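Colleague:
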Ligand SMILES: NC(=O)c1ccc[n+]([C@@H]2O[C@H](COP(=O)([O-])OP(=O)(O)OC[C@H]3O[C@@H](n4cnc5c(N)ncnc54)[C@H](O)[C@@H]3O)[C@@H](O)[C@H]2O)c1
Ligand SMILES: O=c1ccn([C@@H]2O[C@H](COP(=O)(O)OP(=O)(O)O[C@H]3O[C@H](CO)[C@H](O)[C@H](O)[C@H]3O)[C@@H](O)[C@H]2O)c(=O)[nH]1
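Numbering (the UniProt record's numbering), first residue to last: 1 to 331.
#1: Would you kindly report the start and end of the unbroken beta strand (DSSP E) that includes residue 22?
#2: Are the CB atoms of residue 19 and residue 231 nearer to each other than 8 Å?
#3: Comparing the CB of residue 193 with every heavy atom of ligand 2, is any distance shorter than 7 Å?
#4: Are residue 31 and residue 60 touching if we call contact CB-CB under 8 Å?
#5: Considering Cα atoms alone, identify which of 115, 116, 117, 136 is closest to residue 125.
#6: Beta strand (DSSP E) containing residue 257: first to last residue?
#7: How far does the alpha helix (DSSP H) with residue 65 in it reach, from first residue to last?
#8: Classify residue 121 as buried or exposed, calling it buried when 16 or more other Cβ atoms lie within 10 Å of its own Cβ.
#9: Using only the alpha-carbon positions, how far apart do residue 187 and residue 330 sit?
#10: Buried or exposed, going by whether 16 or more other CB atoms sit within 10 Å of the CB of residue 154?
#11: From residue 72 to residue 174, what distance separates their C-alpha atoms?
#12: CB-CB under 6 Å to residue 172, same chain, minus the five flanking residues each way: which ones, in chain order?
#13: State buried or exposed for residue 233, treating a residue as buried only when at least 16 other CB atoms are found within 10 Å of its CB.
#14: Would you call the segment 208-216 and the segment 285-294 touching, i.e. three or more CB-CB distances under 8 Å?
#15: Report the residue ranges of all beta strand (DSSP E) runs contained in full by the segment 224-248; include only those spanning at least 3 residues, in chain order.
#16: Does ligand 2 have even one heavy atom less than 7 Å from the beta-carbon of residue 208?
#17: Can you check whether the CB of residue 75 is closer than 8 Å to the CB of residue 37?
#18: Here's the rule I'm using: 16 or more other beta-carbon atoms within 10 Å means buried, otherwise exposed. How should residue 183 be labelled?
#19: Do residue 229 and residue 260 have their beta-carbon atoms positioned less than 8 Å apart in this structure?
#20: Check each candidate in 159, 119, 197 and name the one with the smallest Cα separation from residue 296.
#21: Find out if the Cβ-Cβ distance for the pair residue 203, residue 284 is shorter than 8 Å.
#22: Is any non-hydrogen atom of ligand 2 found closer than 7 Å to the C-beta of residue 170, if you look at the structure I gave you?
#23: State whether the segment 39-49 contacts the segment 87-101, with contact taken as three or more CB pairs (one from each stretch) at a distance under 8 Å.
#24: Can you round the beta-carbon distance between residue 116 and residue 167 to whole angstroms, since I take them to be within the 8 Å contact cut?
#25: Can you tell me whether residue 312 is helix, strand or coil according to DSSP?
#26: What does DSSP give as the partner residue(s) for residue 31 in the beta ladder?
#27: With the cut-off set at 8 Å, would you say residue 79 and residue 141 are in Cβ contact?
#28: Can residue 294 be considered in contact with ligand 3, in the sense that its beta carbon sits closer than 7 Å to one or more heavy atoms?
#29: So what's residue 71 in DSSP terms, helix, strand or just coil?
#30: Are the Cβ atoms of residue 263 and residue 302 separated by less than 8 Å?
#31: Should residue 34 be listed as close to ligand 1, given that the test is whether its C-beta is under 7 Å from any heavy atom?
#32: With 16 other CB atoms within 10 Å as the buried threshold, where does residue 350 fall?
#33: Can you give me the start and stop residues for the alpha helix (DSSP H) that residue 84 sits inside?
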């Protein structure tokens, strides 16, 4: 019953590894530390430094640790970089995940949870976005994840893979005990960049665009706490395992995509105002042109995850999200 966490030295993977470990479950992390950090690795969890595209290594790990499920976080995930180097994204995300899925099939590992993204939807046609919204990614990063989603039903049909693709909206916040948090280099995300200003590491927060069709002209996003994401992963895995135990035939098992978001939207300026209150820092601003590829509004419908997984985001409050991130940033 051991779960392999790829990308467990990264932001969301390390929080999920902590949650599984805290729940007494057996976990192993595989990470090549390309964008992750040794200091995010949870203590007491076996760690293998290596590449998810290395089938021989994967076979060894699956067999020696008795892996029966994989939570797959490892990926490149910078939208801007993907516009410059699309091939890197199709190889690192789509092709390496094909190797991972093929090796799982060879060894008989059946459960798979994918870190997918709101970027698979592209420009929203209706809000809130539910899972039936058309998938028309506007950048190679989103397409590299959509292509993985397209592969999954074929592995399901042919080899019985049972999978859930969790489409996160904007992951934010940090472990409430300060054991992990958001670390990216370069950091492109809004909240950690605001906190860098509060810490004096940046002079001002650049705001990309003030002319969006939103009440204050800045983009609206759905921020979901990373601890709630971690919990959803555990519930997704429990759901797949329980569905099989209860004797459902393969077609009844609800492999499929699920949005993970809080279902409420905040503008960039609202996030900054909240961060000003939390940090007691003025956060100077610098207005900049729109960032290419940013949709005006992204807000999830999270009804499916609530209904199917009984998932309930518990740290929805933007203030709590920023407080936990702030505690980690100061460390
Ligand atoms: N952060 C967000 O807001 C967000 C939103 C939607 C989806 N996602 C997805 O969630 C996942 C995790 O995101 P994150 O923010 O934690 O990213 P991250 O960069 O912090 O973590 C990714 C981890 O994967 C590792 N990795 C990358 N390529 C690897 C490879 N070939 N072999 C082994 N390890 C490899 C990195 O070293 C890193 O530790 C990604 O798949 C990302 O696309 C993130
Ligand atoms: O320094 C900054 C950083 C961001 N923003 C703005 O803040 C909002 C949020 O930006 P983030 O970079 O924090 O997040 P994104 O919405 O761009 O991206 C997130 O959501 C995407 C889905 O569209 C992908 O899933 C991606 O992996 C994930 O990080 C955007 O309007 C962006 O323009 C700024 O104004 N200044």
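We treat Cβ as the ideally placed atom computed from N, Cα and C, and that holds for glycine.
The structure displayed is predicted, hence computed values, not measured ones.
Modeller: So, to answer that:
#1: Numbered from 1 along the chain shown, position 22 holds the residue referred to as residue 22. That residue, residue 22, is in no beta strand (DSSP E); its alpha helix (DSSP H) goes 11-22.
#2: As a working mapping, residue 19 is identified with position 19 in the chain shown. As a working mapping, residue 231 is identified with position 231 in the chain shown. Yes, the pair counts as a contact, with Cβ atoms nearer than the cut-off.
#3: For the purposes of this step, residue 193 is identified with residue 193 of the chain shown, where counting begins at 1. Correct: residue 193 has its Cβ closer than 7 Å to ligand 2.
#4: Here residue 31 refers to the residue found at position 31 when the chain shown is read from its first residue. Here residue 60 refers to the residue found at position 60 when the chain shown is read from its first residue. No, the Cβ-Cβ distance between residue 31 and residue 60 is not below 8 Å.
#5: As a position in the chain shown, residue 125 is number 125, starting the count at 1. Among 115, 116, 117, 136, the Cα nearest to that of residue 125 is on 136.
#6: If you number the chain shown from 1, residue 257 lands on position 257. Where residue 257 is concerned, the enclosing beta strand (DSSP E) starts and stops at 256-260.
#7: Taking the chain shown and counting its residues from 1, the one referred to as residue 65 is at position 65. Start and end: 55-65.
#8: What you label residue 121 is simply residue 121 of the chain shown in a count that begins at 1. Label assigned to residue 121: buried.
#9: On the chain shown, position 187 is the one that residue 187 refers to. On the chain shown, position 330 is the one that residue 330 refers to. For the pair residue 187 and residue 330, the Cα-to-Cα distance works out to about 16 Å.
#10: Along the chain shown, read from residue 1 onward, the residue named residue 154 stands at position 154. Exposure of residue 154 is indicated by the presence of fewer than 16 other C-beta atoms within 10 angstroms of its C-beta.
#11: Reading the chain shown from its first residue, position 72 is the one you call residue 72. Reading the chain shown from its first residue, position 174 is the one you call residue 174. CA-CA distance, residue 72 to residue 174, rounds to 20 Å.
#12: The count along the chain shown starts at 1 and reaches residue 172 at position 172. 191, 223, 321, listed in sequence order.
#13: Here the question's residue 233 lines up with position 233 in the chain shown. Counting Cβ neighbours within 10 Å, residue 233 comes out buried, since at least 16 surround it.
#14: The segment 208-216, when compared against the segment 285-294, does touch it at the 8 Å Cβ threshold.
#15: Counting only runs of 3 or more, we get nothing.
#16: Reading the chain shown from its first residue, position 208 is the one you call residue 208. Judged by the Cβ position, residue 208 qualifies as a neighbour of ligand 2 at the 7 Å threshold, a heavy atom of the ligand being closer than this.
#17: Numbered from 1 along the chain shown, position 37 holds the residue referred to as residue 37. Numbered from 1 along the chain shown, position 75 holds the residue referred to as residue 75. No, Cβ-Cβ distance for residue 37 and residue 75 is not below 8 Å.
#18: In the chain shown, counting from the first residue as 1, residue 183 sits at position 183. The residue is buried, with at least 16 neighbouring Cβ atoms inside 10 Å.
#19: The count along the chain shown starts at 1 and reaches residue 260 at position 260. The count along the chain shown starts at 1 and reaches residue 229 at position 229. In this structure, residue 229 lies closer than 8 Å to residue 260 by Cβ.
#20: Position 296 of the chain shown, counted from the start, is the residue given in the question as residue 296. Of the candidates 159, 119, 197, the one whose C-alpha sits nearest the C-alpha of residue 296 is 119.
#21: As a first step, residue 203 must be located in the chain shown, where it is residue number 203. As a first step, residue 284 must be located in the chain shown, where it is residue number 284. For residue 203 and residue 284, yes; Cβs fall inside 8 Å.
#22: Numbered from 1 along the chain shown, position 170 holds the residue referred to as residue 170. Yes, since a heavy atom of ligand 2 falls inside the 7 Å radius drawn around the Cβ of residue 170.
#23: Three or more beta-carbon pairs separated by less than 8 Å are not found between the segment 39-49 and the segment 87-101, which leaves the two stretches without contact.
#24: Against the chain shown, residue 116 aligns to sequence position 116. Against the chain shown, residue 167 aligns to sequence position 167. Sure, about 4 Å apart at Cβ, within 8 Å.
#25: As a first step, residue 312 must be located in the chain shown, where it is residue number 312. When DSSP states are grouped into helix, strand and coil, residue 312 belongs to the coil group.
#26: Locating residue 31 in the chain shown gives position 31, counting from the first residue. Note: residue 31 sits in a beta bridge opposite 49.
#27: If you number the chain shown from 1, residue 79 lands on position 79. If you number the chain shown from 1, residue 141 lands on position 141. When the beta-carbon positions are compared, residue 79 and residue 141 come within less than 8 Å of each other.
#28: With respect to small molecules bound, the structure shown includes ligand 1 and ligand 2 and not ligand 3.
#29: As a working note, residue 71 is residue 71 in the chain shown. DSSP places residue 71 in strand when its eight states are reduced to three.
#30: To locate residue 263, count along the chain shown from 1; it is residue 263. To locate residue 302, count along the chain shown from 1; it is residue 302. Between residue 263 and residue 302, the gap from beta carbon to beta carbon is short of 8 Å.
#31: Residue mapping note: residue 34 aligns to position 34 of the chain shown, counting from 1. Yes, ligand 1 has a heavy atom inside 7 Å of this Cβ.
#32: Missing from the structure shown is residue 350; the chain here goes from 1 to 331 and no further.
#33: Looking up residue 84 in the chain shown gives position 84. Going by DSSP, residue 84 is part of the alpha helix (DSSP H) stretching over 79-84.
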